[in-house]
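Read through the structure below, which is laid out as structure tokens, and then see the notes.
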Amino acid sequence: MVFPAPPRSLDPDELLEAYPWPDEGRWVRAMMVTTLDGAAAGPDGLSGSISSTVDGDVFDSVRRLADAVLVGAGTLRAEEYGPMRAADADADRRERAGQAPAPQLVVVSGSLDLPWSLPVWAGSTLTPLVLTGPSPDPEALETAHEHATVLTLPDLEVATVLDALGARGLRRIVCEGGPSLLEAVVAADLLDEADITVSPVFAGTAKTPRTGGLDQVARFTLVHLLTAESFLMARYVRPSAA
Ligand SMILES: NC(=O)c1ccc[n+]([C@@H]2O[C@H](COP(=O)([O-])OP(=O)(O)OC[C@H]3O[C@@H](n4cnc5c(N)ncnc54)[C@H](OP(=O)(O)O)[C@@H]3O)[C@@H](O)[C@H]2O)c1
């Protein structure tokens, strides 16, 4: 059963309405794709090879009105993150909501071993933010300052990270992974929403990072299930928000 009935198409503005942000307060949503055998990356170690146009449409819609796109360093090291630029189509909506013209990339990294040649650093509308721990390597820190705004935090616990973002007015947060960071967000009980695409492929899990695991399950409630091209795009929220 598809619940509720799928839309006629995955129109970008309908998708915006299907993935709303609350008017106030912090909201942390995960945006991830998984295969039928639970892989987070294809045999090439990338998520693009298990994704599709429709998954990409949802991914883009979720980003459009976000304040921050939060990723772990592992994701940035693996994926070719392109610049995050302001889009004319979103200018009015973002201005009315008191938002900056574009989402800000936020990378959490203890090592500061990041791919500095990616166009996301210099090409994004807002300079990306890198959050690091209390005693970063001085040389790596110097390099990071050349490309990003760097915040040195007392620790990289998820609560500390989210508080640092809140202090900068970043409250609509889409966490695009990877699995290690997402697991930490869930373990800290700070995930409000899980936007999970099920890709209709088996890929094997050899290239999917092994994570530490959770002590107990974290249950979510289904809000909608969209389908196109054999992909399932599910929106789950924490039960208290359903
Ligand atoms: N299927 C999907 O939707 C999807 C989405 C994203 C990524 N991926 C795939 O997942 C892989 C990368 O995922 P990953 O799990 O290895 O890496 P990740 O979660 O993106 O990043 C882990 C890194 O983040 C930093 N970090 C800082 N604070 C952290 C915290 N509190 N908890 C966890 N990490 C913290 C550390 O960086 P330092 O090492 O610098 O200290 C850590 O090594 C790639 O293969 C990528 O293609 C798939």
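Mapping the sequence shown onto the working numbering, position 109 (from 1) lands on 106, and the numbers just tick up by one.
All C-beta atoms, glycine included, are put in the ideal place defined by N, C-alpha and C.
Partner residues in the beta bridge of Ile193, as assigned by DSSP, are Met29 and Ala231. Between Cys172 and the set Pro9, Thr32 and Thr72, the nearest pair of CA atoms involves Thr72.
Of Glu143, Val220 and Val158, the smallest CA-CA separation from Gly130 is found for Val158. Comparing C-alpha distances from Phe199 to each of Ala36, Pro9, Asp10 and Leu13 shows the shortest one belongs to Ala36. Annotation: Gly163 is outside any beta strand (DSSP E); the continuous alpha helix (DSSP H) that includes it extends over Val155 to Ala164. Distance from the Cα of Gly69 is smallest, within the candidate group Ser196, Ala164, Glu11 and Ser108, for Ser108. By the neighbour-count criterion, in which 16 or more other beta carbons inside 10 Å mark a residue as buried, Leu219 falls on the exposed side. Not one heavy atom of ligand 1 lies closer than 7 Å to the C-beta of Thr149. Looking at the DSSP output, Gly69 shares a beta bridge with Val105.
A contact between stretches requires three or more CB pairs, one per stretch, nearer than 8 Å, and the region 119 to 126 fails this requirement with the region 172 to 186. Contact check for Leu188 against Val25 passes: the beta carbons are separated by less than 8 Å. For Leu188, the three-state secondary structure derived from DSSP is coil. Arg61 is a Cβ neighbour of Asp87, given a cutoff of 8 Å. Restricting attention to alpha helix (DSSP H) runs no shorter than 4 residues, the region 38 to 96 encloses them at 50 to 61, 70 to 75 and 85 to 93, ordered along the chain. Your pair Leu148 and Leu126 checks out as a contact, with CB atoms roughly 7 Å apart and the cut at 8 Å.
The Cβ atoms of Val117 and Leu102 sit closer than 8 Å to each other. Comparing alpha carbon positions, the residue from Arg91, Tyr78, Ala185 and Ala83 closest to Asp212 is Ala185.
Inclusion of Glu173 in the 7 Å shell around ligand 1 follows from its C-beta lying nearer than that to a non-hydrogen atom of the ligand.
For the pair Ala225 and Val59, the CB atoms are not nearer than the 8 Å cut-off. Per the coordinates, the alpha-carbon of Pro206 lies some 9 Å from the alpha-carbon of Gly42.
Relative to ligand 1, even the nearest heavy atom lies 7 Å or more away from the CB of Thr218. One thing to note: Ser46 has its Cβ no nearer than 8 Å to the Cβ of Val30. Of Ala191, Val104, Ser114 and Asp57, the smallest CA-CA separation from Ala83 is found for Asp57.
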